[in-house]
Each structure stands twice: as structure tokens, then as C-alpha cells.
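What follows is a short report on a single structure.
Protein chains: 2
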Amino acid sequence: MHNLGMEDGSAAPPRRHGDAASAERQATLHDVARTAGVSQATASRVLNGSTRNVRQENVARVLAAAAELNYTPHLSAQAIARGATNTAALVVSGVDDPYFSSIAGGVTQAAEAAGLIVTMAVVDRSPERELQIVRTLRGMRPRAIILTGSRIDGTDTRDALVEELDAYRRAGGSVVLVSQYDLPFHTVSIDNYGGARQLARALVGLGYRRFAVVRAHAALRTSRDRCEGFVDGLREFNIDVEERFVFESEFSRRGGYAAGRELARQGLGDTELVVAVSDVMAIGAMTAFRDAGLVPGRDIAVAGFDDIGPAVDVVPELTSVTVPLRQVGLCAMELALSDDDVSRVVPISTNVVLRDSTPRR
Amino acid sequence: MHNLGMEDGSAAPPRRHGDAASAERQATLHDVARTAGVSQATASRVLNGSTRNVRQENVARVLAAAAELNYTPHLSAQAIARGATNTAALVVSGVDDPYFSSIAGGVTQAAEAAGLIVTMAVVDRSPERELQIVRTLRGMRPRAIILTGSRIDGTDTRDALVEELDAYRRAGGSVVLVSQYDLPFHTVSIDNYGGARQLARALVGLGYRRFAVVRAHAALRTSRDRCEGFVDGLREFNIDVEERFVFESEFSRRGGYAAGRELARQGLGDTELVVAVSDVMAIGAMTAFRDAGLVPGRDIAVAGFDDIGPAVDVVPELTSVTVPLRQVGLCAMELALSDDDVSRVVPISTNVVLRDSTPRR
DNA sequence: TTGAAAGCGCTACCAA
DNA sequence: TTGGTAGCGCTTTCAA
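Residue numbers (the working numbering), protein chains in the order written: chain A, 1 to 361; chain B, 1 to 361.
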């Protein structure tokens, strides 16, 4: 690599080779050892093993040499020699969704605490793609694979995925699923069904009787569970949601907006409240309502799910179901690190928060 | 690890050892070769090299063996043998901030397209921590290191970081900085200064004369540039921002909220508009105003920066400066992959969007 | 078209 | 407390 076009006044030493293609070789442990005048084994002990049984003088020499050569251990080489990496893999479906990014925040925090590096992959496409990603990730031999928001349900590839994960686990890896509680792996199980059911009760308690529902594709377990919980909750009061007031849409702000717009276009009828399976969707829907000339909280009440930060930044503040997403991430990582023999399920409970978007009727 | 709780009827061979700790060995290329009855070299050629010069029959055998053994190439081993990985490292400061997660979205998308795996590290603490993270990342020998939102400015560790990055680059790695345009590396340079300056002009154009500013620590380059651009823009009209109406706070929703609360507590005086250095902060401030009984857009106008999605979900919709964050991510990755000799700077222009949070006066 | 074998950078065992 | 050395799983010459 050349270095044209930069008047580099910084501390950086100049290029050594004129040759454009030639890169300086990274210093290896061998180099360090030679420079320090000790064996490679000793250098290894100083830099990565237990410093204990090396003479002080040699420790110093090695350290000095390493600093001088700007040595960085080759993690792949270490991984291969040690037979284990310090990597954890995280699979999400969309980083820019607050739901996933909050979980990811928790995961990375816990990983850092455990000295692990997180590798993140995004599945935005098909289940096939997810399978492929898991295969690739497996190739990194991470300590753990954490799968969140997977559309594992009811697809042909489901069995293949499960087998892939199982093979990984048999080889000593640790698998954690977030919100997928019927598979034989560690699972952080968010109480989507229960929370939604509670939400239904609470809303009925406020005086609502006629509902519309905005949900995502049924293959998305999270959406389905929330939907079912809500519908079951209403059924306790002999309330049904009319088919024409159920909107299936993309699991995103855009999807929520589209659903809201559609609902507004079609006419609210006597619908009093629309509940979306996520805050992100609910917020999108609220904006769609406003754009259609409806005032959320007055003309139509709105409720969401997750209680993401922005829920209190919109007007009116959004009624939701609190899910401690960051903690979900922490939990997932902990589960991943506990080498439990049994597949454990850690339940995460959820909690209804009533706000101004659903005023008492 | 045990395997309780699942009746595994799959093709997976049974445990070899009764020992709970013992894991089944992952199949290696050697195993595949043996099973297929060919040499390891041939197996390698089929599975990873050019399939071309291997007899059809052997190709089939190897493929079959690989499938049967559920073989996954050991990426670390490949990395070490090939002398190169297919990894890219991304350093952000906070995943759950829409700013970073949007950029991260772009980066991962571009990485995927290029067949790279993204490793993500979060720097939420000190610059020292950042240096340490970069060192670790370097150990993975990624093809590229993308640094975004780094608080590289004016710290003691700055030189150390630069040297670290330079050493990495000398060894053939590719470094990309987002929004740090005075360092000798590839840079995606968001026009923070210009955008802020335009914003100032536009707001003055709307009739505003008295401003408050909510900003983050001056060491954060992004915040500083936006601030300076804004102040310079006002100066064109001989408008100054009083010192007591400048609030320094955390670069987050929380920080924005705190600043807004403080401003409300202190009293607006004759302040007409508060501009925050990011939408996230602006939105936090808006909520603080509301909580203090002020109506944003009526009692106090508000403007932000970035034009993140939620900007149009709040009421009133937030005036902002559009930054194509996803594209910034894409760009960064492209820059990383182009093995350009010269350190290139790709400018990203920004654009003022006036919305209801800053009504004409 | 194939296989033997020499590494890649590192760790860890064993003997000194 | 040290150094020699045998791998770790893979790629890639080089001969056959």
C-alpha cells in the first residue's frame, strides 16, 4: 500500500518499501523471541501464559521487544493452538431496530466483561440465509452462538437449523435462543404471551371494547405469541377482534406506518384502540394516523409492546409492555457462559405500562 | 455437555464419552478426506479451493463425506494457512444509539455483500479502552478496521491510537474513520460543520434570533464541529449564543433530557429555539420540556441533527439536518475494501429539513 | 488429477 | 526457569 497524498506529520514512521504491493510483515512471536534473545516458548509464557515462572529479567526483555515490534498476538493462531477462541457470535435480524440493538447492547456488555469479542451477523433475508449464516459462524468456533429474533418457526429449514445448532453444541459450543421456548437449547424466554394478555385485560379495564391489531407475519414467533396472548386476553371478556381489523405487515416502523395508513384509509369504523405487536410498529402507526388527520389518543388509542426508549418521546406517550431488553442480552450471554448440561430456560417477565395513548374511556 | 431433554433422531453420531465434560470432536478436513478416501489436499481443493482440477467422482465423494460429517471449515485455521481472514472489525460507541446502529446497518450490509464477517466492539468508556480494543481487534487480523464515533480528539492516547492504526495499515490492513477528517487514513467525512451552518441560516431565515445550544463534550469531534458550524452560521447575522444558554451533556437521549430539564428549570428567558447537536439529544430535550409543562414548537422551538427515523415520529416533527447514515456505513465499507494507495476522504453532504418543531416566526 | 509434505503463528508438553 | 519440539486444521507448492 502506498501512502501518497498524505503529508503525514504524525508519529507514524515512513513506509519501508517502495514496492506498492508489499506490506510490512506483522511481528510474530518468533520475532519477539529473537529480538529478546529468548526462546519462543519463553516469549509465549510472558506474553500470553502465566508470567509466573519466567525470570524477571527475561520478562522485561520480552516485554520490551514486544513493544518495540508492536507485536499483537495472532488470535487465529492462538485459537488454533489452544483449541478455543474467545469469540461469541450474535445473530440478529436488523441492527437498526431498537429491539435488537438494545439486546445487542446487553450482549456486548456482558461479553466484554467476560473478555469475549462479539461477532455480529444480520439476517435480513430468508431463513435459508439464516442457516447459511449459522454455518459460517460455526466456522469461527465461537464459544457461544446467540440467536435472536430468528424466524425459525414453521420453515423447511427449521430442522436443518436445529441440527446445525445441535452439531455445534455437541462439539462443545453453547447455543442460546432468545424468545424461542420450544427448542432444546438454552433459552431466554420473554413472556410475550402473558404480557400481551395482561395488556388486553388492562385495556378492557380502561373501558375499551373494540380493537384493531397490527401484527407481523405469523412465522415470527414473537409477533404470533403477542397476538395470541392479546386475543386470548380479550376472549376472557368475550371480545373478539374482527378479521378486517387485523393487519399483517412488516415487523418494522415502516410496516407499522403502512398498517396505520391502511386502517385510516379503510376507516376506523367503531374501532377504539389499535394495538401493535411492537412499539416500533405502534409508533409508525401513530405517525400514519397523524398524517391521515387523526389524533392518536383522542380519535384512536394506541398501544405497543417492548417499551423501548422512544415510547415516552412520542405524543401521546405510548402505552406498552415493558421488556427489559438490555437485561435480556445480559442474560443471554450469562446463559451462554454457564456451561450447564441441561438446557435451561430463563423466563423474563413483562409488565404493562399504561400511558396517555390509551386514556380511560 | 450433556444433551438431556432432546430425543435426537438426527444423523448425528452418538456421544463417544460418558464424561459430561467431553465434547464430540468437530470433523476436520482430515476426517473428511479419510471418509471420502482421498488425500487431504484433494478434499481441500474440493471444499475451499478451485473445484476445477478434481475428478468429478472425487468431488462427489468429498462433498458427500463433508455433508455426512457436518464439516465446517475452521476459519482460524484457514486464516492462518492463507495468511488472511475474511473479517472486518467495526468499532462504535454504543449499539443502541440510532446513529451508530444505522451506520452499523450499512456496514454489515456492505460486508455481507463482500462475503465478510463483521466483528463489532463497543467503546463506551475511555479512550484508553478504545486503544485496547483496537489492539485486540488487530489481533484478529481483520481486513479492515472501521472506527466510528471515536473520541480520538485531544486525548493523550490519540498518538498511541494513530500509531496502532498505522502499524496495522503498514501490515496491509485497511483503516477507515467515520467523521474524523484530519487523520492520515481513509475517511468518510460527514459535513457536520456545513450542515450546522446551513441550519443556522435556515433558522434565522425563519425569524429566530435567540438560541440555546445543547451539545456534548468538546472532545467529541462530531459535537464540536456541529456546534462550531452553528455558531459560525449565526455569526453571519451577528447573532451570538449566550454562554449561559449553552448546555454540555452526555451525547445521548438521557443527556438531552437532562439538558432540557436544566434549561426549563433555569428559565427560557427570551430563548426562542434550542438546537441540539443530535436528534437523539433533541428528542430527549423535547420530552424534558413537555415534562416541564412547555409545549415544544409553541413555547420553544427545537432542532436536531442526523434526521434519524424517529425525528418524524415525535410531535411536533423535528427540524433536523439529514445525514444518510446507512450510506455512511456502506461508504465506509467500500472505502475499506478499495485497496487504494492514497488515503481518500469521501465527503458526505448533509441537508437541512425544516419541520414543525421550528415554525416560522 | 492426485498426494506428500512443508509451513502458517502459536501453545504446551517434556526434558534439561 | 528454560528451550526443543510436536502438534492445532488448513493451504499450497512440488513431484509424481
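Glycine included, every Cβ here is placed at the ideal spot set by N, Cα and C.
Put simply, the CB of Asp96/A is near chain B, with a gap under 8 Å to one of its CB atoms. Linking Glu164/A to Ala114/B through their CA atoms gives a straight-line distance of about 24 Å.
Against chain B, the beta carbon of Pro127/A has no neighbour under 8 Å; the closest one sits roughly 16 Å away. Interface flag for Pro359/A against chain B is unset, since no Cβ pair is found closer than 8 Å.
Between the C-alpha atoms of Ala36/B and Ala77/A there is a straight-line separation of about 28 Å.
Under DSSP, His186/B shares a beta bridge with Val176/B.
Membership of Leu47/A in any beta strand (DSSP E) is not indicated; the residue belongs instead to the alpha helix (DSSP H) covering 40 to 47. Under the DSSP definition of a beta bridge, Thr87/B partners with Ile117/B. In chain order, Pro98, Asp279 place their CB closer than 6 Å to the CB of Ile308/A, counting only its own chain and leaving out the 5 sequence neighbours on each side. Residue pairing of Thr35/B in beta bridges, as defined by DSSP: absent, with no partner found. DSSP places Thr148/B outside any alpha helix (DSSP H); the residue lies instead in the beta strand (DSSP E), whose first and last residues are 144 to 148. In the DSSP assignment, Ala301/B falls within the unbroken beta strand (DSSP E) covering 301 to 303.
Among the residues of the segment 137 to 150 of chain B, those with a Cβ less than 7 Å away from any Cβ of chain A are Arg138, Gly139, Met140, Arg141, in the order of the chain.
Scanning Leu337/A, Gly255/A, Val32/A, Thr28/A for the CA closest to the CA of Arg61/A turns up Val32/A. Chain B places no beta carbon closer than 8 Å to that of Gln327/A, leaving this residue out of the contacts.
Contact of Ile283/A with chain B is assigned, a C-beta pair being separated by under 8 Å.
In its chain, beyond the 5 residues on either side, Ile283, Met286 have a beta carbon closer than 7 Å to the beta carbon of Val314/B.
Two segments are said to touch when three or more pairs of C-beta atoms, one from each, lie closer than 8 Å; by this definition the segment 119 to 132 of chain B does not touch the segment 340 to 360 of chain B. By the C-beta density criterion, His186/B is buried, having at least 16 other C-beta atoms within 10 angstroms.
For Ala79/A, the residues of chain B that pass the 7 Å Cβ criterion are Ser76, in the order they occur in the chain. Contact of Ile117/B with chain A by beta-carbon distance below 8 Å involves Thr119, Ala121, Thr136, Leu137, Met140. Shown here for Thr358/A: same chain residues with a beta carbon closer than 8 Å to its own, the five before and five after excluded, namely Leu203, Leu206, Tyr208, Leu273, Gly297, Ala301, Val302, Ala303, Thr319 in chain order. Rounded to whole angstroms, the gap between the alpha carbons of Gly229/A and Leu137/A is 34 Å. Separation of Asp291/A and Arg254/A (C-alpha to C-alpha, rounded to the nearest whole angstrom) is 14 Å. Within a 10 Å sphere around the beta-carbon of Ser39/B sit fewer than 16 other beta-carbons, which makes this residue exposed. From the beta-carbon of Asn70/B, the residues of chain A found nearer than 7 Å are Ala167. Inclusion of Thr72/A and Met140/A in the CB contact set at 8 Å is not warranted, their separation being larger than that value. Looking at the DSSP output, Phe247/B shares a beta bridge with Val214/B.
Around the beta-carbon of Gln26/B, 16 or more other beta-carbon atoms lie within 10 Å, marking it buried. Between the alpha carbons of Ala288/A and Arg344/A lies a gap of roughly 41 Å. Using a CB distance below 7 Å, the part of the segment 313 to 327 of chain A facing chain B consists of Asp313, Val314, Val315, ordered along the chain. Annotated three-state conformation of Pro316/B is coil, per DSSP. Interface with chain B (8 Å Cβ-Cβ cutoff): Arg201/A is excluded. Under the Cβ criterion of 8 Å, Gln26/A is counted among the residues facing chain B.
Note: Leu273/A is bridge-paired with Phe211/A, Ala301/A in the DSSP secondary-structure output. Across the structure, Glu130/B and Val162/B are spaced so that their CA atoms are roughly 12 Å apart.
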